[in-house]
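Chemist:
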Amino acid sequence: MRSFDYIRPATVAEAAGLLADNAGDPLVVAGGTAAVVLMHMGVLRPSLVIDVAGIDSMKRAREGSLGALTTIRALERSPHGLLAEAAEQVANVRVRNVATVGGAICYGEPQTDTPAALIALGATVEIASRSGTRSMALENFFLSPYETALEQGELLTAVALADPVFGSGGCHAKFTIGSPENKPVANASIQVSTDDGGRCTQARIVAGAVGPVPLLAAGAAERLIGEAPSDTLIGEVAADVAEQIDPVDDVRGPAWYKRRITRVLVERALRCALQRANDNRTPD
Ligand SMILES: Cc1cc2nc3c(=O)[nH]c(=O)nc-3n(C[C@H](O)[C@H](O)[C@H](O)COP(=O)(O)OP(=O)(O)OC[C@H]3O[C@@H](n4cnc5c(N)ncnc54)[C@H](O)[C@@H]3O)c2cc1C
-17 MRSFDYIRPA
-7 TVAEAAGLLA
3 DNAGDPLVVA
13 GGTAAVVLMH
23 MGVLRPSLVI
33 DVAGIDSMKR
43 AREGSLGALT
53 TIRALERSPH
63 GLLAEAAEQV
73 ANVRVRNVAT
83 VGGAICYGEP
93 QTDTPAALIA
103 LGATVEIASR
113 SGTRSMALEN
123 FFLSPYETAL
133 EQGELLTAVA
143 LADPVFGSGG
153 CHAKFTIGSP
163 ENKPVANASI
173 QVSTDDGGRC
183 TQARIVAGAV
193 GPVPLLAAGA
203 AERLIGEAPS
213 DTLIGEVAAD
223 VAEQIDPVDD
233 VRGPAWYKRR
243 ITRVLVERAL
253 RCALQRANDN
263 RTPD
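Read in the numbering used here, the sequence shown has 222 at position 240, and its numbers run on one by one without any break.
(1) Is it the case that the Cβ atoms of residue 16 and residue 137 are separated by a distance below 9 Å?
(2) Leaving out five residues before and five after residue 120 in sequence, what residues of the same chain have Cβ atoms less than 6 Å from its Cβ?
(3) Using only alpha-carbon positions, find the residue among 81, 123 and 183 that is nearest to residue 109.
(4) By how many angstroms is the C-alpha of residue 126 removed from the C-alpha of residue 135?
(5) Do the region 59 to 70 and the region -8 to 6 make contact, defined as three or more Cβ pairs closer than 8 Å?
(6) Return yes when at least one heavy atom of ligand 1 lies under 8 Å from the C-beta of residue 40, else no.
(7) Using a threshold of 8 Å, is the CB atom of residue -7 nearer than that to any non-hydrogen atom of ligand 1?
(8) Below 8 Å, can you find three or more Cβ-Cβ pairs linking the region 135 to 155 to the region 77 to 87?
(9) Can you tell me the Cα-Cα spacing of residue 117 and residue 111, whole angstroms?
(10) Round the Cβ separation of residue 245 and residue 224 to the nearest angstrom and send it over; I've been treating them as touching at under 8 Å.
(11) Sorry if obvious, but does the Cβ on residue 159 come closer than 8 Å to a heavy atom of ligand 1?
(12) How far does the beta strand (DSSP E) with residue 21 in it reach, from first residue to last?
(13) In terms of alpha-carbon separation, which member of 148, 192, 143 and 173 lies closest to residue 271?
(14) Measuring CB to CB, does residue 183 end up less than 9 Å from residue 175?
(15) Are the CB atoms of residue 196 and residue 203 nearer to each other than 9 Å?
(16) Going by beta carbon distance, what residues of the same chain come within less than 7 Å of residue 194, once the five residues before and after it are set aside?
(17) Determine whether the beta carbon atoms of residue 219 and residue 248 lie at a separation below 9 Å.
(18) Going by DSSP in three states, residue 212 sits in which element: helix, strand or coil?
(19) Return the chain-ordered list of same chain residues with a C-beta closer than 6 Å to the C-beta of residue 206, the five sequence neighbours on each side being excluded.
(20) Would residue 151 and residue 258 qualify as a contact pair, given that the criterion is a beta-carbon distance under 9 Å?
(21) Hey, residue 11 and residue -13 are a contact pair by Cβ (cut 8 Å); roughly how many whole angstroms apart?
(22) Could you check whether the Cβ of residue 89 sits closer than 8 Å to any heavy atom belonging to ligand 1?
(23) Hey, is residue 138 close to ligand 1, as in C-beta under 8 Å from one of its heavy atoms?
(24) Do the CB positions of residue 31 and residue 9 come within less than 9 Å of each other?
(25) Residues in the same chain with beta-carbon distance under 6 Å from residue 234, minus the five sequence neighbours each way, listed in chain order, please.
(26) Just the C-alpha distance for residue 208 and residue 47, rounded to the nearest angstrom, thanks.
(27) Any idea if residue 169 is buried or exposed, counting beta-carbon neighbours within 10 angstroms, 16 or more meaning buried?
(28) Taking only heavy atoms of ligand 3 into account, decide whether any of them is closer than 8 Å to the Cβ of residue 235.
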């Protein structure tokens, strides 16, 4: 591994200043589960590592937002059932104890679970640099594999999420091969809300790992609004999503197979999310 300088800033302002003053190749490291492995492999060869893990403000949850340093393990206790379900399916407890939500997002890897769940929940990300802050909807953050909207000198500081809504429910369905600890071949993250008649009032459907970026299938979700979805409609919506994804042939399987798996996962997650939304309306 190439030698490098190492700095552990204590504040966002300090980290943003370091990023601005070192325009070459500084590397931000949070949990390090991806970044350090890539450094060992020689894929990343930074001359400066900025370890943000000591920035307390990025660990804190504020009303309606999670600090970027929140671990995947901590997400398992999220009041958003969908997010907790996605988090508990990530790798193994050793990885989940250190990997952070900010790292999962900024890595931009298609084969992930929590970004899809966060998009389904309508998350926005908060970004800081020396020149100020900005925020954007998470679905617009991913540009292509390992490429995000984060610009030179920027740091992801928090993820904003609305509180869980009465009568809403979500489900994260994941399919992988080999060990269950492996990264997803495909996943479906779905959040819906229903009214007293079981009719859908809101729906967000995300297909993950089956294209360059997570797919928010807004048109397919729109078909559910105002409906108490029948088996036929659920099947049609799942087929619609599977049609829109952009999978590739790779070691995880051929594209046609991922399309079939996605159809099954969307159907399964949609049924489960609708059931949970309806159950959440019913007093125990
Ligand atoms: C064996 C294994 C299996 C895994 N399986 C899954 C899985 O099934 N599903 C899943 O969702 N994930 C899985 N993961 C986790 C995932 O692949 C990443 O390793 C993890 O999410 C990265 O988080 P981190 O905090 O360690 O990021 P780091 O490794 O520290 O950083 C990753 C990237 O993000 C950048 N970065 C990190 N934080 C910030 C920030 N706040 N602002 C700006 N840039 C930042 C870094 O510069 C780097 O480019 C797995 C990981 C391993 C090792």
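Virtual Cβ for every residue (Gly too), placed ideally from N, Cα, C. From a predicted model like this one, the values you see are computed outputs, not experimental measurements.
Modeler: Taking the coordinates as given:
(1) On the sequence shown, position 34 is the one that residue 16 refers to. On the sequence shown, position 155 is the one that residue 137 refers to. For residue 16 and residue 137, no; Cβs fall outside 9 Å.
(2) Walking along the sequence shown from the start, residue 120 turns up at place 138. Its chain contains 100, 101, 105 and 107 as the residues whose beta carbon lies nearer than 6 Å to that of residue 120, once the 5 sequence neighbours on both sides are disregarded; these appear in chain order.
(3) Position 127 of the sequence shown, counted from the first residue, corresponds to residue 109. Residue 123 is the option with its Cα nearest to residue 109.
(4) The residue you call residue 135 lines up with position 153 of the sequence shown. The residue you call residue 126 lines up with position 144 of the sequence shown. Here the alpha carbon of residue 135 sits roughly 20 Å from the alpha carbon of residue 126.
(5) The region 59 to 70 is not in contact with the region -8 to 6.
(6) As a position in the sequence shown, residue 40 is number 58, starting the count at 1. Indeed, a heavy atom of ligand 1 lies less than 8 Å from the Cβ.
(7) Taking the first residue of the sequence shown as 1, we reach residue -7 at position 11. Within the chosen limit of 8 Å, ligand 1 does not reach the beta carbon of residue -7 with any heavy atom.
(8) When Cβ pairs closer than 8 Å are counted between the two stretches, the region 135 to 155 is seen to touch the region 77 to 87, the count reaching three or more.
(9) As a working mapping, residue 117 is identified with position 135 in the sequence shown. As a working mapping, residue 111 is identified with position 129 in the sequence shown. The straight-line gap from Cα to Cα measures roughly 12 Å.
(10) The count along the sequence shown starts at 1 and reaches residue 245 at position 263. The count along the sequence shown starts at 1 and reaches residue 224 at position 242. Contact between residue 245 and residue 224 holds: CB atoms are separated by about 4 Å, below the 8 Å threshold.
(11) Along the sequence shown, read from residue 1 onward, the residue named residue 159 stands at position 177. Residue 159 has its CB no nearer than 8 Å to any heavy atom of ligand 1.
(12) Numbered from 1 along the sequence shown, position 39 holds the residue referred to as residue 21. Element bounds for residue 21: not the beta strand (DSSP E) but the alpha helix (DSSP H), 17 to 22.
(13) Outside the displayed span of the chain (-17 to 266) sits residue 271, for which this structure offers no information.
(14) The sequence position of residue 183 within the sequence shown is 201, counting from 1. The sequence position of residue 175 within the sequence shown is 193, counting from 1. Going by beta carbons, residue 183 and residue 175 fall inside the 9 Å limit.
(15) For the purposes of this step, residue 196 is taken as the residue at position 214 of the sequence shown. For the purposes of this step, residue 203 is taken as the residue at position 221 of the sequence shown. Residue 203 sits away from residue 196, with the two beta carbons spaced by 9 Å or more.
(16) Within the sequence shown, the letter at position 212 stands for residue 194. The residues are 92, 126, 127 and 228.
(17) In the sequence shown, the residue the question calls residue 219 occupies position 237. In the sequence shown, the residue the question calls residue 248 occupies position 266. In this structure, residue 248 lies closer than 9 Å to residue 219 by Cβ.
(18) Position 230 of the sequence shown, counted from the first residue, corresponds to residue 212. Taken through DSSP and simplified to helix, strand or coil, residue 212 comes out as coil.
(19) Residue mapping note: residue 206 aligns to position 224 of the sequence shown, counting from 1. Closer than 6 Å at the Cβ level, and outside the excluded window around residue 206, lie 182 and 185.
(20) If you number the sequence shown from 1, residue 151 lands on position 169. If you number the sequence shown from 1, residue 258 lands on position 276. Note that the C-beta distance between residue 151 and residue 258 is below 9 Å.
(21) Here the question's residue 11 lines up with position 29 in the sequence shown. Here the question's residue -13 lines up with position 5 in the sequence shown. With a contact defined as Cβ atoms closer than 8 Å, residue 11 and residue -13 miss out at about 13 Å.
(22) Translated into positions along the sequence shown, residue 89 becomes position 107. Distance from the C-beta of residue 89 to the nearest heavy atom of ligand 1 is below 8 Å.
(23) Counting from 1 along the sequence shown, the entry for residue 138 is found at position 156. Yes - ligand 1 has a heavy atom lying nearer than 8 Å to the Cβ of residue 138.
(24) As a first step, residue 31 is located in the sequence shown; it is residue number 49 there, counting from the start. As a first step, residue 9 is located in the sequence shown; it is residue number 27 there, counting from the start. With a cutoff of 9 Å on beta-carbon distance, residue 31 and residue 9 are scored as near each other.
(25) Taking the sequence shown and counting its residues from 1, one reaches residue 234 at position 252. 167, listed in sequence order.
(26) Taking the first residue of the sequence shown as position 1, residue 208 is located at position 226. Taking the first residue of the sequence shown as position 1, residue 47 is located at position 65. So the alpha carbons of these two residues sit roughly 30 Å apart.
(27) Residue 169 sits at position 187 when you count from the first residue of the sequence shown. Result: buried.
(28) In the structure shown, ligand 3 is absent; the only ligands present are ligand 1.
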